[in-house]
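Accompanying notes for the structure given below.
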Amino acid sequence: MYDFDVIVIGAGPAGYEVASLLGKAGKNVCIVEKAESSVGGTCLNEGCVPAKNFLETASYIKKEAYFQSCGVNHTERTFNISTLQKSTNCLIQDLKVGIFGKLKKAKATIEYDRATFIDSHTIKLENQNKKITAKDIVIASGSSHRDHPLLKLEDETIISSREVFKLTDIPKSILIIGGGAIGCEFASFFNALGSEVEISEFASKLVPNEDDDISRTLKREFEKKGIQIGLNANVTDYSVSEDGVELTIESGKKVETKTFDKVLVSIGRIPNSANLNLENANIEQDRGFIEVNENLQCLNNDNIYAIGDVLKTPALAHVAYYEAKRVAQHILEKETFVGDYIFPSVTFCTPQIASIGKSEKALKERGIKFKNKKLFFKTNAKAKIKGDDSGFIKVLYDEETSLVLGASIIGNDATELIHQFLIAINANLGLNDLEKMIFAHPTLSESSLDLI
Ligand SMILES: Cc1cc2nc3c(=O)[nH]c(=O)nc-3n(C[C@H](O)[C@H](O)[C@H](O)COP(=O)(O)OP(=O)(O)OC[C@H]3O[C@@H](n4cnc5c(N)ncnc54)[C@H](O)[C@@H]3O)c2cc1C
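According to UniProt numbering, numbering within the sequence shown proceeds without interruption in unit steps and concludes at 452.
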């Protein structure tokens, strides 16, 4: 009766994962993506993958000074941004082959077009002016750059994260508006490459969703590297000229006028839901985020699901993958995962930041009695060998049982180390359990043993 069992809108991490899982399980799936070049979504084409390739290169450059003191002599100290862009494009193409392989294995039909709703079982492929139908539909249309209320993007001078990957040279100075994860990552990138960097953050701390200790330490470490930070700051006026962008920045009673070569606007993302004609399928949304129940089904139609950045859940690729798995399980009528999402938050700036589980604030609000332990990397041999012993691991644990409730890390490889605590929380392990384990030496991971 229907053309397909399932139509998936969008081939980002959420979309290709759910399409692949359902196809492999025998469902007849059609995945619709705007163009072949955008398969892989924000994550692969203009998010996680290119950003992390840029950052890895920048952190290598930053560590050069330490390794010179270990005997390495780089005589030609040059960096070429177009070579980095070429290598990033090769990496993207390489990973894209893997996604096409997954979809092929799943025998999924791929349509390159813009999908809109005609009704709750029918999708229109706009360019082809063609209708396709399915029993179930999964919306995985992701998110896009959020515009600043005042500053409009301009080709060369006022840019979003997308344009960073296309820069032809490194700016002498850059103002980053927004001190969240993406803003802080790009601050590290430009700082490592020699730009004068300033962050202008509206909130009273950097990475506002992280533990206060972490935000304070990040601010201190950034300032040591020469990154200027304005908190409680708001851009109230600007003009663009040949000299760059002149901005008026208000911070409390202080009003300053400053000029930068470039401005990077990084104040969050907006869900891609405006052009889907959601009203034709009676799909409810709140400020563009699609409203779903605990099974990620839309409120008025249980045959339509939504996953990934188009939801209010945290805009992270690994959360999108998890939601894809949950929806696949539900459509396949398998037992679905229930309960709280336990996922790491990760920021790949220098020093890196990662956190998991409950924050101090959340524990206090719930009246849970807890203690915290902090272990500084200054005492860890591997951190010193890696040329950066800044930062710490902070673990929150139950006062009576010692069960790990949450953890925050700032420092070397925080985005890898956090998974120890992901496992500890999921397996209900306490600090006492860690004591029985043998960690290799010298490693960053062995720091956890000193928590006992
Ligand atoms: C600079 C940057 C760095 C990031 N770094 C990280 C990181 O380190 N770790 C992390 O976990 N997350 C990171 N993220 C976030 C991550 O990229 C997103 O959470 C993830 O891509 C969400 O996946 P998604 O499938 O929901 O949406 P998307 O990846 O946005 O994919 C949605 C797809 O749907 C398509 N689409 C939209 N509307 C239609 C339509 N009507 N018809 C057909 N196709 C449509 C789009 O073209 C797109 O390809 C980063 C994001 C940015 C911008």
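All C-beta atoms in this analysis are idealised placements derived from N, C-alpha and C, irrespective of residue type, glycine included.
Bridge-paired residues (DSSP) for residue i
{"i": "residue 176", "result": "199 and 264"}
{"i": "residue 119", "result": "122"}
{"i": "residue 370", "result": "398"}
{"i": "residue 136", "result": "6"}
{"i": "residue 237", "result": "248"}
{"i": "residue 145", "result": "269"}
{"i": "residue 447", "result": "Beta-bridge pairing links residue 447 to no other residue."}
{"i": "residue 407", "result": "356 and 395"}
{"i": "residue 228", "result": "198"}
{"i": "residue 298", "result": "292"}
{"i": "residue 347", "result": "353"}
{"i": "residue 210", "result": "The partner list for residue 210 (beta bridge, DSSP) is empty, contrary to what the question assumes."}
{"i": "residue 389", "result": "Residue 389 pairs with nothing; no bridge assigned."}
{"i": "residue 169", "result": "Answer is none; residue 169 lacks a bridge partner."}
{"i": "residue 60", "result": "None; residue 60 has no bridge partner."}
{"i": "residue 438", "result": "Per DSSP, none; premise fails for residue 438."}
Nearest to residue i (by Cα), restricted to the options the options
{"i": "residue 272", "options": "139, 408 and 104", "result": "139"}
{"i": "residue 390", "options": "373, 413 and 176", "result": "413"}
{"i": "residue 398", "options": "387, 303, 358 and 437", "result": "358"}
{"i": "residue 259", "options": "202, 197, 320 and 286", "result": "197"}
{"i": "residue 64", "options": "369, 192, 416 and 22", "result": "192"}
{"i": "residue 69", "options": "388, 393, 15 and 411", "result": "388"}
{"i": "residue 343", "options": "354, 206 and 335", "result": "354"}
{"i": "residue 369", "options": "400, 352 and 12", "result": "400"}
{"i": "residue 37", "options": "11, 341 and 19", "result": "11"}
{"i": "residue 224", "options": "118, 246 and 351", "result": "351"}
{"i": "residue 252", "options": "239, 58 and 200", "result": "200"}
{"i": "residue 181", "options": "48, 72 and 99", "result": "48"}
{"i": "residue 327", "options": "5, 186 and 21", "result": "21"}
{"i": "residue 230", "options": "238, 239 and 220", "result": "220"}
{"i": "residue 45", "options": "165, 337, 329 and 61", "result": "165"}
{"i": "residue 340", "options": "332, 331, 305 and 313", "result": "313"}
{"i": "residue 82", "options": "417, 167 and 423", "result": "167"}
{"i": "residue 249", "options": "262, 233 and 242", "result": "233"}
Cβ-Cβ separation, residue j to residue i (assumed contact under 8 Å), whole Å
{"i": "residue 123", "j": "residue 132", "result": "5 Å"}
{"i": "residue 316", "j": "residue 289", "result": "Not a contact, Cβ separation roughly 15 Å."}
{"i": "residue 320", "j": "residue 13", "result": "4 Å"}
{"i": "residue 7", "j": "residue 15", "result": "Incorrect: roughly 10 Å between the Cβ atoms, too far for contact."}
{"i": "residue 283", "j": "residue 303", "result": "At roughly 11 Å, the Cβ-Cβ gap does not stay under 8 Å, so residue 283 and residue 303 are not in contact."}
{"i": "residue 183", "j": "residue 309", "result": "Between residue 309 and residue 183 the Cβ distance is about 17 Å, and since that is not below 8 Å, they are no contact."}
{"i": "residue 151", "j": "residue 238", "result": "6 Å"}
{"i": "residue 115", "j": "residue 125", "result": "6 Å"}
{"i": "residue 235", "j": "residue 176", "result": "Actually they are not in contact, since the Cβ atoms of residue 235 and residue 176 sit about 11 Å apart, beyond 8 Å."}
Residue-level contact to chain B via CB, residue i, 8 Å cutoff
{"i": "residue 38", "result": "The question asks about chain B, but that chain is absent: this structure has only one protein chain."}
Next on the checklist: For the structure I just gave you, are there three or more beta carbon pairs, one from the region 399-407 and one from the region 426-433, closer than 8 Å?
Outcome noted: The answer is yes - the region 426-433 touches the region 399-407, with three or more Cβ pairs under 8 Å.
Checklist entry - Do the region 259-271 and the region 295-303 touch if we need at least three Cβ pairs shorter than 8 Å? => result Taking a cut-off of 8 Å on C-beta distances, the region 259-271 does not touch the region 295-303, as fewer than three cross pairs fall below it.
Checklist entry - Does the region 194-211 come close enough to the region 351-367 that 3 or more CB-CB pairs lie under 8 Å? => result With a cut-off of 8 Å on Cβ pairs, the region 351-367 is in contact with the region 194-211, counting three or more such pairs.
Checklist entry - Any chance the region 380-394 sits against the region 433-449, with 3 or more Cβ pairs inside 8 Å? => result With a cut-off of 8 Å, the region 433-449 and the region 380-394 count as touching, because enough Cβ pairs lie within range.
Next on the checklist: Quick test of the definition: if touching needs 3 or more C-beta pairs under 8 Å, does the region 275-282 touch the region 145-157?
Outcome noted: Result no; under three Cβ-Cβ pairs closer than 8 Å.
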